[in-house]
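See the structure below:
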């Protein structure tokens, strides 16, 4: 297939996604997920990619050298991904080993928990090559068992069914893994997905170091409570707020299995924050880590208001010198948006704060220069003035 | 003095600077640097600040509680600044103890090198209170000697002379300090200022860890060569480029005194980079740390081109898997501008890179939430694809 002249520079410059407007013409009779040669209007080869005329993203580039897309290609990509992570993820046996286009494989996400691999195949291209990809993953990671959780809505846009199940080996009913001194669990085949966000690992450790035994810690939008569990393990009195009762159930069980207690508050985050304010609660550290509030650029102003409201409550309840972490996993919500929201919140709470850190996703969720969207997790750590 | 209605929210929200357009009226007869009560149009007090009708920034806020601006005030500010840094700056005896408005004292900058304090007073307000401020600094830091380097052009805009000289104690002719295993020196009273950028401390350590003995390291816009010296001390073969011959002379002397060698290339950075390319040089790590290229927003496009050209050369000469640090100390040049410049450079160099870190100024140069300008040093660390 041939690109339009205006799109050559961007895609030749390693940006992996081509939309309908980028494509001049494609050979007739291409099936969804076919690997195609991608060419400049003059005919010279740019590289190879998956093509799906019906998909929201018809072109996903795989290479820029025109090499074959075969088992060796997939093995190299997995090997490079493992090399990229080598020595950079410590004190856990749970990490993302393949992060889609950020590891040069658009559509493949794989997380490893000890010997068990969790795989998601997201588009028609990787679906067509599923056998090659799974073989490469199996051989390169050495995982003794694997399961698939390709039950993401994204697949429907590619004309694919949702799929989940065992891929190879004996997948345990309950997978156990560790992060520092926490032992954690999940049931791979539960209909209700209650996962664990690997990408907040470094922030969990950061926050844990900021609380002393006995100090109150608040985890807003806790989900299954990674932050709460870490803080509780450090001796803090953790309180978790979430509106997902199933996630809070998991959190309660994990707390018990790790020999700690976490106070649970079920409900809307902002309402629960107001309630805590009325109860005159104070905290030494607070985490505000909502789910994606800005899926599109248009959502940013609304997301900003929610962050501002949450941060205002949090700053009011924070002890002087205490810390607030505010996190966004939305590509469109930028560090400057977080800072703006926090600044307005500090004004409303009549205080000020030092921005003691600005952090990003960890090394197993790479940020690739050529793919701006691969930077998605951004957090600011504030220390309330004394 | 009274603020205009539209300016109340911003300044009451802890933003410390008021411009001519923010001010509704001021009492007649105020002298440059007088401390004034700052009020809303309705008359209620917002706080206190320095006033200088003729200055580019007529109002600089000092507090938001209306408390007295006396010795106790200055002592508290210095104490708070020291507390803010406690335990956060290690393995050196050189740090910035007061960073102007980011530490709640607009116009006062103080760096401590062991027992010696270096002080800069930048505006008419702090000049009027110089005795109080110096006493507070002397008592709270315990520095046995101090000198003043108030020879910044900023003072002229405030109607002040440039001043430098001994403030108290026996200031040594040559001040010695250390950073990790480097012993460094400067002559406090040299007409030609050849300082050492304390704010790049963490980045120097970051880069040093990325080179092995014998590997080639390139320090572009080296100035007195902090990066080069650290890398050389780690065994790397450092090359430093700068157009400032005096700075290169200091670098040469410091290298000798630390028992290492650094290759020096005097000249324009981009020209020297081209020359190195022609010589077919390769490097394991490169630092691109130009002086402020964007003093105003309008300078950003030009700065971007310089960063892009420099990064293109650097990426071409970088070994696969090698690291490139790109740094900007300009408030107006943002992380996204650095990433954009690097992305264009990677395209031109026909390569790609992982953004392995985005870093900011260290803890002795605080980033205060209420003062967006206090975030000024931003760096991206790239790892060239293998």
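Chains as they are written, first to last, in the working numbering: chain A, 1 to 386; chain B, 1 to 386. For glycine and all other residues, C-beta sits at the position ideal for the given N, C-alpha and C. Since the model is a prediction, treat every value here as computed from it, not as a measurement.
Find the nearest neighbour of residue 125 of chain A within the set A:139, A:108, A:140 and A:117, judged by alpha-carbon distance.
When each option's Cα is compared against that of residue 125 of chain A, the closest is A:108.
Hey, quick one: how far does the beta strand (DSSP E) through residue 109 of chain B stretch, first residue to last?
Looking at the DSSP string, the run of the beta strand (DSSP E) that includes residue 109 of chain B is 108-113.
Per DSSP, what are the beta-bridge partners of residue 325 of chain A in this structure?
Looking at the DSSP assignment, residue 325 of chain A forms a beta bridge with A:287 and A:381.
Compute the Euclidean distance between the alpha carbons of residue 156 of chain A and residue 18 of chain A, then round it to the nearest angstrom.
Answer to the nearest angstrom: the Cα atoms are 19 Å apart.
Can you have a look at residue 261 of chain A and say buried or exposed, based on whether 16 or more other CB atoms are within 10 angstroms of its CB?
It counts as exposed.
Using three-state DSSP, classify residue 17 of chain A as helix, strand or coil.
DSSP places residue 17 of chain A in strand when its eight states are reduced to three.
Please classify residue 219 of chain A: is it buried, with 16 or more other beta-carbons within 10 angstroms of its beta-carbon, or exposed?
Classification for residue 219 of chain A: buried.
What are the complete alpha helix (DSSP H) segments, minimum 4 residues, inside the region 316-378 of chain B?
List check, alpha helix (DSSP H) in window: 335-348.
Within 10 Å of its beta-carbon, does residue 274 of chain B have 16 or more other beta-carbons around it, so buried, or fewer, so exposed?
Answer is exposed; the Cβ neighbour count stays below 16.
Count the C-beta pairs between the region 237-256 of chain B and the region 313-320 of chain B that are closer than 8 Å, then say yes if the count reaches three, no if not.
Taking 8 Å as the limit for Cβ pairs, the verdict is that the region 313-320 of chain B does not touch the region 237-256 of chain B.
Quick one: give me the first and last residue of the alpha helix (DSSP H) that residue 230 of chain A is part of.
First-last of the alpha helix (DSSP H) with residue 230 of chain A: 226-233.
For residue 77 of chain A, collect the residues of the same chain with a Cβ closer than 6 Å to its Cβ; drop the 5 residues on either side in sequence, then sort them by chain order.
The answer, listed in chain order, is 104 and 105.
Considering residue 202 of chain B, what are the terminal residues of the alpha helix (DSSP H) in which it resides?
Taken as a continuous stretch (DSSP letters only), the alpha helix (DSSP H) holding residue 202 of chain B covers 201-208.
Kindly list the residues whose CB is nearer than 7 Å to the CB of residue 183 of chain A, restricted to its own chain and excluding five residues on each side of it in sequence; keep chain order.
Within the same chain, residue 183 of chain A has close Cβ partners 176, 257 and 258.
Closest Cβ-Cβ distance between residue 386 of chain B and chain A: below 9 Å?
Closer than 9 Å to some Cβ of chain A, the Cβ of residue 386 of chain B qualifies, so yes.
Can you list, in chain order, the residues of its chain whose CB lies under 8 Å from that of residue 363 of chain B, leaving out five sequence neighbours each side?
Same-chain partners within the cutoff: 84, 85, 88 and 89.
Just the chain A side, please: which residues come within less than 9 Å of residue 346 of chain B by C-beta, in chain order?
Here the neighbours are 13, 14, 369 and 370.
Contact between the region 266-285 of chain B and the region 294-313 of chain B: three or more CB pairs below 8 Å?
Touching, yes.
Considering residue 127 of chain B, what are the terminal residues of the alpha helix (DSSP H) in which it resides?
Segment 124-128, the alpha helix (DSSP H) holding residue 127 of chain B.
Which residues of chain B have a Cβ atom closer than 8 Å to the Cβ of residue 352 of chain A, listed in chain order?
Within chain B, the residues near residue 352 of chain A are 14, 368, 369 and 370.
Within the 9 Å Cβ cut-off, does residue 358 of chain B reach chain A?
So, interface residue.
Bridge partners of residue 64 of chain A, per DSSP?
Residue 64 of chain A is not bridged to any residue.
Look at the alpha carbon of residue 344 of chain B and the alpha carbon of residue 13 of chain A, and state the distance between them as a whole number of angstroms.
Looking at the two C-alpha atoms, the distance is approximately 8 Å.
For residue 36 of chain B and chain A, any beta-carbon pair shorter than 9 Å?
For residue 36 of chain B, the answer is no, since every Cβ of chain A falls outside 9 Å of its Cβ.
Below 7 Å on C-beta distance, what does residue 382 of chain A contact in chain B?
Per Cβ cutoff of 7 Å: 369.
Going by other Cβ atoms of all chains shown within 10 Å of its Cβ, with 16 needed for buried, is residue 301 of chain A buried or exposed?
Result: exposed.
Which residues of chain A have a Cβ atom closer than 9 Å to the Cβ of residue 355 of chain B, listed in chain order?
Ordered by position in chain A, the residues that pass the 9 Å Cβ test against residue 355 of chain B are 360, 366, 367, 368, 369, 374 and 375.
What does DSSP give as the partner residues of residue 241 of chain A in its beta bridges?
In the DSSP output, where bridge partners are listed per residue, residue 241 of chain A has A:220 and A:265.
Name the chain A residues whose beta carbon is nearer than 9 Å to that of residue 342 of chain B?
By Cβ distance, chain A contributes 369.
Can you find a CB in chain A that lies within less than 9 Å of the CB of residue 45 of chain B?
Chain A contact via Cβ: absent.
Which residues in the same chain as residue 166 of chain B place their Cβ atom closer than 7 Å to its Cβ, once the five residues preceding and following it in sequence are excluded?
Contacts found: 147.
Which residues in the same chain have their Cβ closer than 6 Å to the Cβ of residue 376 of chain B, if we skip the five residues on either side of it in sequence?
Cβ neighbours of residue 376 of chain B beyond the five flanking positions: 329 and 331.
Take residue 70 of chain B and list the residues in its own chain whose beta-carbon comes closer than 8 Å to its own, dropping the five residues that flank it on each side.
Excluding residues within five positions, the ones whose Cβ falls inside 8 Å are 132.
So, is residue 245 of chain B buried or exposed, given that buried needs 16 or more other C-beta atoms within 10 angstroms?
Exposed, by the Cβ-count rule.
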